[in-house]
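For the sequence shown, my numbering begins at 19 and goes up steadily by one.
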Amino acid sequence: MKNLRLGLLGCGPIAQFAHLPALEKARGVELVAMCDASSNLLHRIGARYGITELYTSYSHFLESDIEAVLIAVADPFHVPLATQAIEAGKHVLVEKPLGVTAEECLHLSETVSGSVCKLQVGSMKRHDPGIEFAKKFIEEKIGEIVSVKGWYQDTSFRPALQETLLPMVQSAEGIVRPDADPKADKEKYFMATHGSHLFDNIRYLGGEVDALNTRFVQKSDQYCWQGLLEFSHGGIGQFDLTVKVHSDWSEGYEIQGEGGAVLIKTFLPFYYRPSEVRAFERSTEQWHTPLGAHSNPYKRQLEFFAKAIREDLPTNPDVFDGLRVLEIIEAAEASVRSGERVEIARGPTEVG
19 MKNLRLGLLG CGPIAQFAHL PALEKARGVE LVAMCDASSN LLHRIGARYG ITELYTSYSH
79 FLESDIEAVL IAVADPFHVP LATQAIEAGK HVLVEKPLGV TAEECLHLSE TVSGSVCKLQ
139 VGSMKRHDPG IEFAKKFIEE KIGEIVSVKG WYQDTSFRPA LQETLLPMVQ SAEGIVRPDA
199 DPKADKEKYF MATHGSHLFD NIRYLGGEVD ALNTRFVQKS DQYCWQGLLE FSHGGIGQFD
259 LTVKVHSDWS EGYEIQGEGG AVLIKTFLPF YYRPSEVRAF ERSTEQWHTP LGAHSNPYKR
319 QLEFFAKAIR EDLPTNPDVF DGLRVLEIIE AAEASVRSGE RVEIARGPTE VG
């Protein structure tokens, strides 16, 4: 199969320590061009990876012969730049969250629906082989879901862990930043950047969320959301999003059903460890545990993206999955403000 000719937009931290190393190894994908507003940073990173087709103009970048764009820039730029790429006839893999508001994500979904181009959201945890195994087991073995639990507790020791695990990030003058710092409002930023992972996995594993009731507390530098969830299948659930805990990273999911259960422990992404999964099948009274040797989710999401384009398959997650996550986030924020249960208003669910 012919390699997908891909261009990278953005040479910042997430590109340097996640996407570029993955692009070096991903099968079926060839990085052929890079674009960044900072010429200095662009040429340094381009030289490191042997890329000579370099652009500081996004419009000129989109006029090149790339087939797809990986968008790795600040959240407020996701929707406008993805829209521009789709309208230019390029497939898009865009970092999560898909956008800043559900409304702008809805407009993007309409653009994608009216195009032959595909869009995939960079919620790479779906491509963790442990999560993939759990998803299949849930669909095939446990029947009707009774309860879903999900927790995501980011650690205050993350900077030290990432310094240990990752190369030094290169920076330079001339980097384009949003007019308003998206990290200034920490409550909103933490919910968006971390909640997007938590809620995407809860939906992916546990099903569609119809309503929730959320409470929030901040003490010093710690932000915590706890909530009850109601699912379309009639099951119930709960979530815990805490940023930051003064202990180790903790993320996991538990799905209980009439035919069994799935217990998941997920690690800090940059260990590249597959999630540890224990899946119990009631009918055989046996536990099942996958290995997941090829476990870099950033690499695996690129390979899936390329395959979806070459074989005309649905992307995972698609633009509507990204929209659903923003709808859940906004419902959680509304519930915190009102102190009441909030139903989640949902837009369209499929392309075309």
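Here a beta-carbon is modelled for each residue, glycine too, at the ideal position from N, C-alpha and C.
Alpha-carbon spacing of threonine 360 relative to isoleucine 84, whole angstroms
Residue identity check: residue 360 is valine in the sequence provided, not threonine. The C-alpha of valine 360 lies about 43 angstroms from the C-alpha of isoleucine 84.
Please state if the CB of lysine 108 and the CB of valine 139 are separated by a distance shorter than 9 angstroms.
Cβ atoms of valine 139 and lysine 108: not closer than 9 angstroms.
With a floor of 3 residues, list each beta strand (DSSP E) that falls wholly inside the stretch 44–124, ordered by position along the chain.
For the stretch 44–124, whole beta strand (DSSP E) runs of length 3 or above, ordered along the chain, are 47–53, 86–89 and 109–113.
Could you tell me which whole beta strand (DSSP E) segments of length 3 or greater appear in the stretch 243–275?
Annotation: the stretch 243–275 contains the following complete segments of the beta strand (DSSP E) (minimum length 3 residues), in chain order: 254–263 and 268–275.
Closest residue to histidine 125 among Gly148, Pro147, Leu99 and Val87 (Cα-Cα distance)
Ranking Gly148, Pro147, Leu99 and Val87 by Cα distance to histidine 125 puts Leu99 first.
If we count the other Cβ atoms within 10 Å of its Cβ and call it buried at 16 or more, is serine 356 buried or exposed?
So serine 356 counts as exposed.
Pairs of beta-carbons, one from the stretch 185–197 and one from the stretch 237–257, closer than 8 angstroms: are there three or more?
By the Cβ criterion, the stretch 185–197 is not in contact with the stretch 237–257, since fewer than three pairs of Cβ atoms, one from each stretch, lie closer than 8 angstroms.
DSSP three-state assignment for arginine 25, whether helix, strand or coil
The sequence shown places glycine at residue 25, rather than the arginine named in the question. In the three-state reduction of the DSSP assignment, glycine 25 falls in the strand class.
Beta-carbon proximity check, histidine 212 vs tyrosine 271, cutoff 9 angstroms:
Taking 9 angstroms as the Cβ cut-off, histidine 212 and tyrosine 271 do not qualify as a contacting pair.
Classify proline 335: buried if its beta carbon has 16 or more other beta carbons within 10 angstroms, exposed otherwise.
Buried is the call here.
Does DSSP put histidine 312 in a helix, in a strand, or in coil?
Residue state, collapsed to three classes: coil.
Got a sec? Which residues, its chain only, sit under 6 angstroms from arginine 328 by beta carbon, not counting five neighbours each side?
The beta carbon of arginine 328 sits closer than 6 angstroms to those of Met19, all from its chain and outside the five residues before and after it, given in chain order.
For the alpha helix (DSSP H) that tyrosine 207 lies in, which residues bound it at each end?
204–224 is the span of the alpha helix (DSSP H), which, as asked, contains tyrosine 207.
Can you give, in chain order, each stretch of the beta strand (DSSP E) that sits fully within the stretch 152–206 and has at least 3 residues?
Complete beta strand (DSSP E) runs here, min 3: 163–173.
With 16 other Cβ atoms within 10 Å as the buried cut-off, status of aspartate 10:
Only positions 19 to 370 of the chain appear in this structure, which leaves residue 10 out of reach.
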